[in-house]
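Peer 1:
Numbering (my numbering), first residue to last: 3 to 253.
1. Report the partner residues of residue 201 according to the DSSP bridge assignment.
2. Once DSSP output is grouped into helix, strand and coil, what is the label at residue 13?
3. With DSSP collapsed to three states, give me the class of residue 58.
4. Determine which residues share a DSSP beta bridge with residue 127 and list them.
5. Below 6 Å CB to CB, which residues in the same chain sit around residue 49 once its five sequence neighbours on both sides are set aside?
6. How would you write the range of the beta strand (DSSP E) that residue 175 sits in, first residue to last?
7. When DSSP labels each residue in this structure, what does residue 93 get in the three-state scheme?
8. For residue 40, list the residues DSSP reports as bridge partners.
9. May I ask you to list the residues that DSSP assigns as paired with residue 141?
10. Measure the alpha-carbon distance for residue 216 versus residue 71 and round it to whole angstroms.
11. Whose C-alpha, out of 182, 188, 74, is nearest the C-alpha of residue 172?
12. Can you tell which of 60, 222, 15, 210 has the C-alpha that lies nearest to the C-alpha of residue 244?
13. Leaving aside the five residues before and after residue 107 along the sequence, list all residues of the same chain whose C-beta is less than 8 Å from its C-beta, in chain order.
14. Let me make sure I understand the geometry here. Which of 102, 65, 169 has the alpha-carbon closest to that of residue 88?
15. Assuming residue 96 and residue 59 form a contact by the criterion Cβ under 8 Å, report the distance between their Cβ atoms to the nearest whole angstrom.
16. Could you check how far apart the C-beta atoms of residue 156 and residue 138 are, in whole angstroms? I think they sit under 8 Å.
17. Do residue 83 and residue 94 count as a contact pair if the criterion is CB distance below 8 Å?
18. Where do the N-terminal and C-terminal ends of the alpha helix (DSSP H) with residue 78 fall, by residue?
19. Ignore the nearest five residues each way along the sequence and tell me which others in residue 111's own chain have a CB closer than 7 Å to its CB.
20. Looking at the strands, I want to know which residues DSSP matches up with residue 234.
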């Protein structure tokens, strides 16, 4: 709303929200605004008055983590974009909530600011509920070519309480043997870069050939937007192919 413009209640609400966001972004955590309308003395218009209660700039007194059974508190605090004695804003709290939740190791995350007896000093209380860190899956089947086959995967999604993931995978049948170990870290290269390391061994049988391969792969991934990623991939592989001995070949 500007002098001379037509009054709309929706525009007033938008102005109040914009003013509030501006003060809140500067750390006025207790900011309040009240607006008053009154007729002008000559009756030709309205007088709009904003009463602002800003208080002092809010500061972070301490950061406290609870509910974590195995997760290292440093893993959680690393996702925060603030530290003790920093200015407190609602935006920072919202971003911290998202970053901690995005680790994928918690079923529930709650981050709240609690005022202390010290004026304009707040304790940040982070309450988490961890997911089960172990996952086991398996499958079995039968087909006319490979006969009986099966697979098993064991994963730890919070390895050593660091928020990293380790998976061991095995797939077996009458001809093939496939083993993989997958290590994933969302923080090894920093918050924005995710690191994936895969080690594998495969032994595959064909009618006339036997193929054995061992490989290790390094992958780094960075999200630029919701649908755009940058990926760097390095793979080292050794492959050995041998002919089967005639006595090993059946027709």
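C-beta atoms are modelled at their ideal positions from N, C-alpha and C, and glycine is treated no differently.
Peer 2: Per the coordinate set shown:
1. Locating residue 201 in the chain shown gives position 199, counting from the first residue. Within the DSSP bridge table, the entry for residue 201 names 183, 218 as partners.
2. Translated into positions along the chain shown, residue 13 becomes position 11. DSSP, reduced to helix, strand and coil, places residue 13 within a helical segment of the structure shown.
3. Reading the chain shown from its first residue, position 56 is the one you call residue 58. In the structure shown, residue 58 adopts coil according to DSSP, grouped into three states.
4. As a working mapping, residue 127 is identified with position 125 in the chain shown. Under DSSP, residue 127 shares a beta bridge with 66, 114.
5. Here the question's residue 49 lines up with position 47 in the chain shown. Closer than 6 Å at Cβ, skipping near neighbours: 40, 42.
6. Locating residue 175 in the chain shown gives position 173, counting from the first residue. Per DSSP, residue 175 belongs to the beta strand (DSSP E) from 166 to 175.
7. Translated into the one-based positions of the chain shown, residue 93 becomes position 91. Reduced to three states, the DSSP call for residue 93 is helix.
8. Numbered from its first residue, the chain shown carries residue 40 at position 38. Beta-bridge analysis with DSSP links residue 40 to 49.
9. To locate residue 141, count along the chain shown from 1; it is residue 139. Answer is 153.
10. Stepping through the chain shown from its first residue, residue 216 is reached at position 214. Stepping through the chain shown from its first residue, residue 71 is reached at position 69. Straight-line Cα distance between these residues: approximately 37 Å.
11. Looking up residue 172 in the chain shown gives position 170. The residue with the shortest Cα to Cα distance from residue 172 is 182.
12. Taking the first residue of the chain shown as 1, we reach residue 244 at position 242. The closest CA to that of residue 244, considering only 60, 222, 15, 210, is found on 210.
13. For the purposes of this step, residue 107 is taken as residue 105 along the chain shown, with counting starting at 1. Excluding positions up to five away in sequence, the list reads 73, 132, 133, 135, 159, 160, 165.
14. As a working mapping, residue 88 is identified with position 86 in the chain shown. Nearest of 102, 65, 169 to residue 88, Cα basis: 65.
15. Walking along the chain shown from the start, residue 96 turns up at place 94. Walking along the chain shown from the start, residue 59 turns up at place 57. Not a contact, Cβ separation roughly 19 Å.
16. Numbered from 1 along the chain shown, position 154 holds the residue referred to as residue 156. Numbered from 1 along the chain shown, position 136 holds the residue referred to as residue 138. The Cβ separation is near 5 Å, so the contact holds.
17. The residue labelled residue 94 in the question sits at position 92 within the chain shown. The residue labelled residue 83 in the question sits at position 81 within the chain shown. Against a cut-off of 8 Å, the Cβ pair of residue 83 and residue 94 comes out as a contact.
18. For this step, residue 78 is matched to residue 76 along the chain shown. Annotation for residue 78: the continuous alpha helix (DSSP H) segment containing it runs 75 to 79.
19. Taking the chain shown and counting its residues from 1, one reaches residue 111 at position 109. Cβ neighbours of residue 111 beyond the five flanking positions: 99, 102, 103, 130.
20. As a working mapping, residue 234 is identified with position 232 in the chain shown. Paired residue(s): 222.
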